[in-house]
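Please read the structure below before turning to the comments.
Residue numbers (UniProt numbering): 1 to 375.
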């Protein structure tokens, strides 16, 4: 068994970036402690010749959307199972919020809450109502017929699935695209972020110069949003023009607290060991490098929805997000419900993810009820 002291030698992607000991304690307790409400299986079912586990409803993904769906489904006595994933899509169970420090805009926490703590509370609430949580990753699905077929990681080559489900709530989320500049890992969530709305108001950014990387509408919107708090905002654009719409581009270029640096890219990040305080930027024309003093860097270069698992089986938009019927979680396949950032490229907030998880649970409950009635 790995000790807490040995955990400091784990690869960086397995460490909690801010309060690493909290993350390590949480992960090891999940790996080696087996609460009665949670079944965790780390062997291959096929090796034991066990039949597929069948359930009424299964949740894939363990962010705010997945746990909210679990709470509602469990309270409806549907006995949901959640596959929370083991470093699925590069994140620990709990998703993107496990890499976030202070969350100040989630209702019910007037003093704010650590992202990891918020996810622990959501997880505990899911378990309280009887959700079965399995710390494994679903790596293959077959949606061609019902019940849907699921394969756990390590069993993809088996002909028979490890699990089957009448309904699926898919809440695997999306991850922000990053440049992984030198020094970025050290200052991620300590001056570097991918969400201005989430983090722009925190004290380390107030009345400080900030930078945004990106040239589209999202970058323009985030830069303008940040002017509410920053002393000045620099927008770094690799090309000689913005990709943003004319309206957004004009608004950005005319803003008195914004400077757009065209033909410019960041090449490295710098800080005092605790917080970011500068970038090295480079001209894409001359190659000249200069230092830009900023206390915050915000990426606005897009997100990657975690939909590879269902690509080619369900209808996606041109950016890879799952298409849902307006005002619902319904998708192009009956019994398959999408929730959270995997289907939301506009808001991407913990609270909107949670709301869509509620929608998915209610839609799934209704669908299962109707489906059983016609059988």
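Beta carbons: idealized from backbone N, C-alpha and C, even for Gly. None of these values were measured; they are calculated from a predicted model.
One Cα belongs to residue 167, the other to residue 336, and the distance between them is close to 6 Å. Residue 296 carries a strand assignment under DSSP once its states are collapsed to helix, strand and coil. Bounds of the alpha helix (DSSP H) holding residue 118 are 115-128.
Here DSSP, grouped into helix, strand and coil, assigns residue 218 to helix. Secondary structure at residue 147: coil, using DSSP grouped into helix, strand and coil. The closest CA to that of residue 303, considering only 207, 290, 319, is found on 319.
Pairing residue 169 with residue 282, the inter-Cα distance amounts to about 45 Å. Contact annotation: residue 364 and residue 57 have beta-carbon atoms nearer than 7 Å.
Note on geometry: alpha-carbon atoms of residue 93 and residue 293 lie some 35 Å from one another. In the three-state scheme derived from DSSP, where H, G and I count as helix and E and B as strand, residue 242 is classed as coil. In this model, residue 370 and residue 193 are separated by some 44 Å (Cα to Cα). Per the C-alpha coordinates, the member of 195, 334, 206, 204 positioned closest to residue 214 is 195. If the five residues before and after residue 360 are omitted, its C-beta is found closer than 6 Å to the C-beta atoms of 69, 169, 329, 337, 339, all from its own chain and listed in chain order.
By the criterion of a C-beta distance shorter than 6 Å, residue 216 is surrounded in its chain by 243, 244, once the five residues flanking it on both sides are discounted.
For residue 260, the three-state secondary structure derived from DSSP is strand. Fewer than three Cβ pairs drawn from the region 266-274 and the region 143-158 lie within less than 8 Å of each other, which leaves the two stretches out of contact. Residue 250 and residue 232 have their C-alpha atoms roughly 17 Å apart.
Per DSSP, reduced to three states, the secondary structure at residue 199 is helical.
Under the three-state reduction of DSSP, residue 248 is assigned to helix.
In summary, residue 247 is exposed, with fewer than 16 beta-carbon neighbours lying within 10 Å of its beta-carbon over all protein chains present. Annotated three-state conformation of residue 234 is strand, per DSSP. By the criterion of a C-beta distance shorter than 7 Å, residue 218 is surrounded in its chain by 300, once the five residues flanking it on both sides are discounted.
When DSSP states are grouped into helix, strand and coil, residue 80 belongs to the coil group. Between the region 148-159 and the region 130-140 there are three or more C-beta pairs closer than 8 Å, enough to call the two in contact. Assignment of residue 255 by DSSP, reduced to helix, strand and coil, places it in the coil class. A contact is defined here as three or more CB-CB pairs under 8 Å, and the region 61-77 meets this definition with respect to the region 121-130.
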